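Asker: Residues in the sequence shown are numbered from 344 upward in steps of one, following this note's numbering.
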Amino acid sequence: MRDLWLKIIATGGTRLFTLLSGLVILTVIARWLGPAGRGAVGAAIGWATLFSTFGGLSLGQVAIYQATAQRGQAWLGKTLGSLLVLAGALSGLGWLVAAILYAATGGAVYGEIAALPLLIAFLNVPALIWDQYGSQLLLAVRQVGTYNRAQLVGRAAGLALIGVAAALGGGVPGMIAALVLAQWLISVQELRALLRVGDQPVRSDRATVAALLKGGMLLHLNAIGAFLFTSTDVLIINYYHGPGPTGYYQVAVDLLAALMVVPQAAATVLYSQGAELGPDALWGAQRKVLALVIAGMLAIASVAALCAPWVVPLVLGPSFNPSVGIFQLLLLTLAGSTLSTMMAPQWIGRGLFVQTSALTLAVGLANLAANLALVPRYGVSGAIWATVGSYGIAIITNGWMIVRCELAWRCQGQSLNENRGLW
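1) Where Y591 and V384 are concerned, what is the direct C-alpha to C-alpha distance, given to the nearest angstrom?
2) Using the C-alpha atoms, what's the distance from G587 back to L556?
3) Verify whether the separation of the beta carbon atoms of A644 and L672 is less than 8 Å.
4) Using C-beta distances below 7 Å, list every residue in its chain close to Q593, excluding the 5 sequence neighbours before and after it, in chain order.
5) Apart from the five residues just before and just after G481, which ones in its own chain have a Cβ nearer than 7 Å to its Cβ?
6) To the nearest whole angstrom, what separates the beta carbons of W390 and L461, a pair I think is in contact under 8 Å?
7) Could I get the ranges of all uninterrupted beta strand (DSSP E) runs contained in the region 645-680, with 3 residues as the minimum, in chain order?
8) Where does the unbroken alpha helix (DSSP H) through N710 begin, and where does it stop?
9) Using the C-alpha atoms, what's the distance from I745 back to R374?
10) Determine the DSSP secondary structure at S733, reduced to helix, strand or coil.
11) How long is the line joining the alpha carbons of P544 and A713, rounded to whole angstroms?
12) Among G668, C748, L571, G501, which residue has its Cα nearest to the Cα of L393?
13) L704 and L564 look like a contact to me (Cβ under 8 Å); what is the Cβ gap, rounded to whole Å?
14) Relative to the C-alpha of S733, which candidate in T396, A470, L675, G722 has its C-alpha closest?
15) Below 8 Å on the Cβ atoms is my contact criterion, and I expect S395 with L471 to pass it. Report the Cβ-Cβ distance as a whole number of Å.
16) Do you know offhand how far L598's Cα is from P652's?
17) Which whole runs of the alpha helix (DSSP H) in the region 456-538 are 4 residues long or more, in chain order?
18) How far does the alpha helix (DSSP H) with G558 in it reach, from first residue to last?
19) State buried or exposed for C754, treating a residue as buried only when at least 16 other CB atoms are found within 10 Å of its CB.
20) Leaving out five residues before and five after G679 in sequence, what residues of the same chain have Cβ atoms less than 7 Å from its Cβ?
21) Among the candidates L625, I505, L528, whose CA atom is the shortest distance from the CA of R492?
22) Since C650 and Q689 should fall inside the 8 Å C-beta cutoff, what is the C-beta to C-beta distance between them, to a whole number of angstroms?
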């Protein structure tokens, strides 16, 4: 348990730096470009994230499940080679679809985003897809420290690049280019680390590709559902109300994401431990970590709600005052997002791909429908309450998983005690 907490603290330190660098980047972009410019950057990056999320097929999570199932076997070389081939093919397919959509609609499908910022943002698709794969493989081979270092270097580079873009007057395209280059640096470091770690030849294997794609088909609806209920709100606000309101909302979402540093650090370590121990053995420690982290996040939410009216205008400027109320209401989702983040290693570790996909897709579609119904009429307020409702459903579904994990863990403990009694 002590070793687990030390790893969480180390990973939390990396996440804290990511948090601070993200806040600095947010401040620079917001002050340099204003609400409309911040909205344009967020929307362009959002489209690239959409295509990488849909195009990645959740193969990174499938790979970490296969690593768990094949403990003690030689799996890394063929898995790494197969994922490299798939990342290239899926990135190319994503670019083709994006270009067809742009040509068919004259760019209207992307709202008010200009062509150049959109083009630069889409250069991020391969890096984002590989980050999905490389990060999970590093966790599977217990290289959490390597993963943390890649994040540190990438975020530090992002800070420097954003500063250069601002100094050169790069505007929206320059800011997006800085973010894209920083992400590429992270993904390249992950790949280099994996090539050094493995002592097996890196090659694409037809059976491995087939197994990855089969698992991806079962699990990928989960990623699509997650995107539908975490990211489509920004795109819908941008489409109906333009970059100004999008900027206010995006800032609030970014601030909320910054608070998730501890749950994400804990989940990162739990994925790595689960690949070694299996989900049932992991639960004994995870249940304690989960309780403490949720209690801590509720305390953080209370403090953040009280401080936001002073901190947000001070850091971002008075033009972002509308983001304060949005952020305070979105804090209602913090418990649900914490629970979803920290329970993911159990869903994936147990191979519950179909159940995970069905539940997450249902929540995502409900959120999408709520946003489409509410945002055109109520604007940002509609998106807020659609998000709050979606995370309420997530609390119920993850509560069911907690009960299942607890029962399985207790049954396993009882069985072990009975076996000890036989001896």
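Glycine included, C-beta positions come from ideal geometry on N, C-alpha and C.
Just so we're clear, the structure is a prediction, and the values are computed from it rather than from any experiment.
Answerer: Answer, in terms of the structure:
1) 12 Å
2) 40 Å
3) Taking 8 Å as the cut-off, the beta carbon of A644 is found no closer than this to the beta carbon of L672.
4) R381, G382, G385, V577
5) First, the amino acid is wrong: residue 481 is Leu here, not Gly. The residues are T489, Y490, E533, A536, L537.
6) 7 Å
7) Listed in chain order, nothing qualifies, since the region 645-680 has no complete beta strand (DSSP E) run of 3 or more residues.
8) Where N710 is concerned, the enclosing alpha helix (DSSP H) stretches over 696-721.
9) 43 Å
10) helix
11) In a straight line, the C-alpha of P544 is about 49 Å away from that of A713.
12) L571
13) Sure, about 5 Å apart at Cβ, within 8 Å.
14) Ranked by how close their Cα comes to the Cα of S733, the residues T396, A470, L675, G722 have L675 in first place.
15) 4 Å between Cβ atoms; contact.
16) 13 Å
17) 458-465, 468-483, 487-510
18) 549-573
19) exposed
20) Y734, G735, A737, I738
21) L528
22) The pair is not a contact, with the Cβ atoms about 33 Å apart (cut-off 8 Å).
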